[in-house]
Amino acid sequence: MHKITINCEKLNHPNTGLYHYCANLSKALLAATPADCRLQVYAPASAAAIYPPGTFIIPQHGWHKLFNPASYNCNLWHATNQEKSYFPTARSVKKILTVHDLNYFNDPSKPLHKRTRYLRNIKSLVRRSSHLICISAYTLQELQKHMAINLPHNIIYNGCNIDFAVPETKPALQLPAPFIFTIGTITNKKNFHVLPALLVGNDYLLVIAGDIHRPAYQQKIIATAKQLGVADRVIFTGGITEGEKHWYYRNCLAFAFPSLHEGFGLPVVEAMAFGKPLFLSTHTSLPEVGGPDAFYFEHFDPVYMNRLFTEKLNYFNANKMVLKQNLLNRAVTFSWTEAARQHWEIYTRVLNS
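For the sequence shown, position 15 (counting from the first letter as 1) is numbered 153 according to my numbering, and the numbering increases by one without interruption.
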């Protein structure tokens, strides 16, 4: 029997994209496991509760960064992110690497020597892998700018995280007016500070959901809102439950995501699954994921953003039946079941090579 280990140590970090990626992909892979294979989930012991009874869990420990004995007990290891911490030390084990983005390398605020080391580490992981998976064409293109990709590689899109079996939960927060919704960790790369401009000249609210990773950046968002005279209509919820997230998506006026750095952009597909008008930046992978029926900010001048938002929201509402259905149709193409099928094809190919 072939033993395949999928690294899900990022289940240590709820309310992040990598958490949802690991949880949803691993569960879809488990549901599609061939009879001659055993999928082993390398994850923190606390994560066992999200899996069906009988799932083979290999407990992850911090000291595995120095030496990872778990990596010796398999035929194939799937490294689900580009960090080197838990990458197998066993040369006999075949390795598949998933790269999500080069966001850290592309962030000019990071020290150059750290960015250089980060890229060097990714190059090393690519050289040691049997197969490379990227989550978007954009990510693959970024890698090809900086290194030779001389191994088999595929693009496999993420699925949609929304499970409509999860009941909606109305938040305790009272929202007295229509609201624009966005979600993500509060960090500079999300570019949320440009969104208060959308509130000028109307009575809309802006709801920003997500853990505050950079308090100084939250203050920048607030300061921008104060300058525009709309600070009383910008709301931070912190982390939210899946049920609350569903409620915000279903009830929002529109979804705005002006991020500067994404490898994919899971929240875009989530909002798409509710047929909501999407207002995105043109940066990185977002046009690839958002598609032709999303609306895009070409730049972040506040007057321009406000005008585009107003015009395109009116356009969406005037053509709602068609545009909403287009978004719903596109959302179903992002499937964890399909992603799992493609992964199993690659696992089988690598095991038999």
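Beta carbons are placed, not taken as given, at the ideal position from N, Cα and C, and that holds for glycine.
Values in this document were obtained by computation on a predicted structure and should not be read as measured data.
Can you list, in chain order, the residues of its chain whose CB lies under 8 Å from that of residue 325, leaving out five sequence neighbours each side? 351, 352, 355
Based on the DSSP output, what are the partners of residue 381 in its beta bridges? Answer is none; residue 381 lacks a bridge partner.
With C-beta atoms as the reference, is residue 448 less than 9 Å away from residue 339? yes
What does DSSP give as the partner residue(s) for residue 502 in the beta ladder?
Only positions 139 to 491 of the chain appear in this structure, which leaves residue 502 out of reach.
* With contact counted as at least three CB pairs below 8 Å, one residue from each stretch, are the stretch 271-291 and the stretch 355-369 in contact? -> no
TODO: Look up residue 206 in the DSSP assignment and give the residues it is bridged to.
DONE: Paired residue(s): none; residue 206 is not in a bridge.
*asked:* The beta strand (DSSP E) that contains residue 140, what's its start and end?
replied: 140-145
Q) Quick one: Cα of residue 436 to Cα of residue 205, how far? A) 47 Å
Open item on the list: I believe residue 413 touches residue 337 by the beta-carbon criterion, under 8 Å. Please report the beta-carbon distance rounded to the nearest angstrom.
Closed with: Residue 413 to residue 337, Cβ: 23 Å. No contact.
* Asked: Looking only at its own chain, which residues have a Cβ that is under 6 Å from the Cβ of residue 345, when we skip the five neighbours before and after it?
  -> 317, 319, 373
Would the beta-carbon of residue 227 fall within 9 Å of that of residue 144?
no
Open item on the list: Which of the three DSSP states is assigned to residue 428 in this structure?
Closed with: helix
_In whole angstroms, give me the CA-to-CA distance for residue 263 and residue 221._
9 Å
Quick one: give me the first and last residue of the alpha helix (DSSP H) that residue 164 is part of. 155-169
ask   = Near residue 459, what residues of its chain come up, given a Cβ to Cβ distance below 7 Å and the 5 sequence neighbours on each side ignored?
value = none
> Span of the alpha helix (DSSP H) holding residue 85?
Replying inline: Within the shown structure, residues of the chain are numbered from 139 to 491, placing residue 85 beyond reach of any answer.
- Residues near residue 275 by beta carbon distance below 7 Å, same chain, minus five either side: 293, 426
Euclidean distance between Cα positions of residue 239 and residue 177: 25 Å
- Query: Using CA coordinates, which residue listed in 306, 442, 182 is at the minimum distance from residue 201?
  - Reply: 182
Q. Are at least three pairs of beta-carbons, each pair with one atom in the stretch 414-423 and one in the stretch 381-393, less than 8 Å apart?
A. yes
Open item on the list: When you compare the CB positions of residue 385 and residue 167, do they come within less than 9 Å of one another, or not?
Closed with: no
- Enumerate in chain order the residues of its own chain whose CB-to-CB distance from residue 467 is below 6 Å, with the five nearest sequence positions on each side excluded. none
For a test of your reading of the model: does the CB of residue 386 fall under 8 Å from any non-hydrogen atom of the ligand NAD? Yes or no.
Absent from the structure shown: the ligand NAD. Ligands present: none.
| Bridge partners - residue 291, DSSP secondary structure assignment | 270
First and last residue of the uninterrupted beta strand (DSSP E) at residue 355: Here residue 355 belongs to no beta strand (DSSP E); instead the alpha helix (DSSP H) covers 353-365.
Q) How far does the alpha helix (DSSP H) with residue 176 in it reach, from first residue to last? A) Careful: residue 176 lies outside any alpha helix (DSSP H), inside the beta strand (DSSP E) at 175-181.
Next item on the list: Use the C-beta contact count for residue 410: other C-beta atoms within 10 angstroms, 16 or more gives buried, fewer gives exposed.
Entry: buried
Minimum C-alpha distance to residue 236 - residue among 249, 139, 278:
278
TODO: Could you spell out the range, first to last residue, of the alpha helix (DSSP H) harbouring residue 485?
DONE: 474-489
Apply the 10 Å Cβ neighbour rule to residue 334 and answer buried if 16 or more other Cβ atoms are within range, or exposed otherwise.
-> buried
Checklist line | Beta bridge counterpart(s) of residue 320 as assigned by DSSP | finding: 346
Q) Exposed or buried, what is residue 296 when buried is set at 16 or more other beta-carbons lying within 10 Å of its beta-carbon? A) buried
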